[in-house]
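To convert, note that position 190 of the sequence shown is 190 in the UniProt record's numbering; the numbers rise steadily by one, no gaps.
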Amino acid sequence: MSLILYGRMLSPFVRRVAIWCRLQNRAYESRPLMVNGPDFEELKKINPLGRVPVLIAEDGEMMIETGAITDWLDDTAPEALRLVPATGPARREVLQGVAYANSAVEKGVSLVYDKNRRPAELHWAEWIARLEGQISAALAVLEAKAPAEGWLGGNRPNAADVAFVIAHDFILAVHPHLIEGKFPRLAAMAAMAADVEAFKATAPAA
Ligand SMILES: N[C@@H](CCC(=O)N[C@@H](CS)C(=O)NCC(=O)O)C(=O)O
Numbered sequence: 001m002s003l004i005l006y007g008r009m010l011s012p013f014v015r016r017v018a019i020w021c022r023l024q025n026r027a028y029e030s031r032p033l034m035v036n037g038p039d040f041e042e043l044k045k046i047n048p049l050g051r052v053p054v055l056i057a058e059d060g061e062m063m064i065e066t067g068a069i070t071d072w073l074d075d076t077a078p079e080a081l082r083l084v085p086a087t088g089p090a091r092r093e094v095l096q097g098v099a100y101a102n103s104a105v106e107k108g109v110s111l112v113y114d115k116n117r118r119p120a121e122l123h124w125a126e127w128i129a130r131l132e133g134q135i136s137a138a139l140a141v142l143e144a145k146a147p148a149e150g151w152l153g154g155n156r157p158n159a160a161d162v163a164f165v166i167a168h169d170f171i172l173a174v175h176p177h178l179i180e181g182k183f184p185r186l187a188a189m190a191a192m193a194a195d196v197e198a199f200k201a202t203a204p205a206a
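Okay, structure coming up:
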């Protein structure tokens, strides 16, 4: 049995797992259930919380939480295919990059609910401004960390590269006013990634 990944690629968390699998040459079956709407009941039969991503391992074990899933993927991959350095400052730097990128997407998801999904009369302007400020601050950190050219990981994308591109593409898809024209290095990374199969095949609209 191959891996099974639940969730849609518009979810930046699901996409991180999908790209990680592809960069490690792992086959997976995609089950693009939506967390809202009629799929919710079916999803709760898999994960009692009704959240994605969910990854089912080859032996049938069910796993949740992006960080825990990608930790397992790296732990069980040959060393040459790991996306996070094993130890030391290089590991800390990569994981901190992932942390800032993940913060951008967490706040981006919150903003989807607070601004795009809530009825206008329930909008809380101060909270929306706070979320927008946090997303912009996280993107500014990514821009400062982004390489002038190529990947942070050298000749192949590492976990931080993956997370940076996902953050760029997700915020561009759902809150374009916060990113368009503002972060040239991030935009260049995303443009480079768009030619790489793992990123291309998981583009948010796919
Ligand atoms: N910390 C979780 C976040 C996962 C998450 O928020 N997923 C969203 C989809 S983008 C979801 O399932 N939302 C529905 C919910 O949380 O009830 C992870 O990294 O896996």
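Idealized CB from N, CA, C, for every residue including glycine.
Because the structure is a prediction, the values reported are computed rather than measured.
Counting pairs of Cβ atoms below 8 Å between the region 110 to 128 and the region 136 to 143, do you hit three or more? no
### Task
Could you tell me the distance, in whole angstroms, from the CA atom of F40 to the CA atom of D59?
Approximately 25 Å, taken between the alpha carbons.
Closest Cα partner of S2 within the set R22, L10 and A193: R22
Quick one: Cα of E180 to Cα of G97, how far? C-alpha separation (whole angstroms): 21 Å.
task: Specify which residues have a beta carbon nearer than 5 Å to any heavy atom of ligand 1, listing them in chain order.
output: S11, F13, V35, R51, V52, E65 and T66
Subject >> Residue(s) in a DSSP beta bridge with R31 >> reply: BP columns for R31 point to Y6.
**Counted within 10 angstroms of its Cβ, other Cβ atoms place L83 as buried (16 or more) or exposed** = Residue environment: L83 is assigned as buried (16 or more neighbouring CB atoms within 10 Å of its CB, all protein chains considered).
**Request:** Just grab the DSSP bridge partners of residue 223 for me.
**Result:** Since the displayed the chain opens at 1 and closes at 206, residue 223 lies outside it and no answer follows.
Rounded Cβ spacing between S11 and V54 (contact assumed at less than 8 Å) = About 11 Å separates the two Cβ atoms, so there is no contact after all.
Exercise. Is the beta carbon of H16 sitting closer than 8 Å to the one on A193?
Worked result: Here the sequence assigns Arg to residue 16, which means His is not the residue at that position. Not closer than 8 Å, so no.
Next on the checklist: In the DSSP output, what is W151 paired with across the bridge?
Outcome noted: According to DSSP, W151 shares a beta bridge with G154.
### Query
Quick one, are the C-beta atoms of R31 and I69 less than 8 Å apart?
no
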